[in-house]
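Engineer: Sharing a structure below in structure tokens format, with a few things to ask.
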């Protein structure tokens with residue numbers, strides 16, 4: 001936690017010539033698939049998850065330094081970056097490693113989510129241009145108009161490895177929980193997903209469920225009151 005007692009400590013920015021703040025395009029929120037025009041730098045920020053919300057908050061912080069203390073901030077909002085030495089949990093690298101290990105590719109829900117991807121070398125060149133020619137206080141979108149659905153990315157990787165996407169792509173994942181439950185109870189994945197889609201069976205399962213533990217809330221509350 002920061003307990004700065006003297007606010008003028010924030011004014012020490014005289015030695016900084018350029019400050020490039022790297023953000024993401026997710027700060028714009030969900031984009032309409034039918035939209036003719038993409039996100040503009042002047043659009044309102046409408047993040048839809050905690051991660052993109054922190055990115056939007058960081059943008060507000062650096063822009064406040066720009067307006068209050070003249071820090072020469074330039075903000076970039078980029079698409080998904082891929083390339084060598086990427087973290088293993090990132091989509092493209094993760095799928096490639098899974099295929100090399102002979103495992104199926106897990107797709108969340110139906111894989112219809114749309115993303116744009118940029119190679120790291122293209123991003124590095126863009127940063128160099130913005131560093132030398134960008135204007136302080138401005139925001140620059142860094143991206144491409146080419147978009148791919150998650151399911152299409154998985155199919156592309158299957159094609160590169162000459163394997164059948166129909167048997168090597170597994171849709172319907174909800175954070176992997178459904179697959180874990182099916183595996184734990186020895187239930188085929190497709191059967192488990194079908195049970196979730198069938199509302200009649202789902203409601204019957206909910207009504208027939210029995211609690212494994214009974215917790216006496218009233219008794220606990222009275223004990224806590226006496227203790228206090």
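Numbering (UniProt numbering), first residue to last: 1 to 228. Using N, Cα and C, we set each Cβ at its ideal position, and we do this for glycine too. Note that the structure is a prediction, hence the values are computed from the model and not measured.
1. Less than 8 Å between the beta carbons of residue 118 and residue 78, yes or no?
2. Go through its chain and collect everything with a Cβ distance to residue 58's Cβ below 6 Å, but skip five positions before and after it.
3. Residue 154 by DSSP, collapsed to three states: which one?
4. Residue 169 and residue 112: beta carbons closer than 8 Å?
5. In whole angstroms, what is the alpha-carbon distance linking residue 45 and residue 96?
6. Quick one: what does DSSP say residue 175 is sitting in, helix, strand or coil?
7. Please list, in chain order, all residues of the same chain as residue 15 whose beta carbon is under 8 Å from its beta carbon, the five residues on each side excluded.
8. The alpha helix (DSSP H) with residue 79 in it runs from where to where?
9. In the structure shown, what three-state DSSP assignment does residue 17 receive?
10. Starting from the C-beta of residue 132, find all residues in its chain whose C-beta is less than 8 Å away, skip the five residues before and the five after it, and write them out in chain order.
11. Just the C-alpha distance for residue 50 and residue 90, rounded to the nearest angstrom, thanks.
12. Rounded to a whole number of angstroms, what is the C-alpha to C-alpha distance between residue 108 and residue 172?
13. Within the same chain, show all residues whose beta-carbon is closer than 6 Å to that of residue 80, passing over the 5 residues directly before and after it, in chain order.
14. Taking a contact to mean a Cβ-Cβ separation below 8 Å, would you say residue 92 touches residue 134 in this structure?
15. So residue 96 is in the alpha helix (DSSP H); what residue range does that whole segment cover?
16. At the level of alpha carbons, what is the spacing between residue 17 and residue 98?
17. Following the continuous alpha helix (DSSP H) through residue 106, name the residue where it begins and the one where it ends.
18. In whole angstroms, what separates the C-alpha of residue 66 from that of residue 136?
19. Please report how far the alpha carbon of residue 127 lies from the alpha carbon of residue 88, in whole angstroms.
20. Can you tell which of 94, 130, 86 has its C-alpha closest to the C-alpha of residue 140?
Structural biologist: Quick look at the numbers:
1. yes
2. none
3. helix
4. no
5. 33 Å
6. Since pLDDT at residue 175 reaches only 49, below the 50 mark, its modelled position is unreliable, and the value read off the structure follows with that caveat. In the structure shown, residue 175 sits in coil (DSSP, three-state: anything other than H, G, I, E or B).
7. none
8. Where residue 79 is concerned, there is no enclosing alpha helix (DSSP H), given that its DSSP letter is neither H nor E.
9. coil
10. none
11. A straight line joining the alpha-carbon of residue 50 with that of residue 90 spans about 18 Å.
12. 6 Å
13. 115, 117
14. no
15. 91-100
16. Rounded to whole angstroms, the gap between the alpha carbons of residue 17 and residue 98 is 44 Å.
17. Where residue 106 is concerned, there is no enclosing alpha helix (DSSP H), although the beta strand (DSSP E) it sits in stretches over 105-108.
18. 8 Å
19. 24 Å
20. 130
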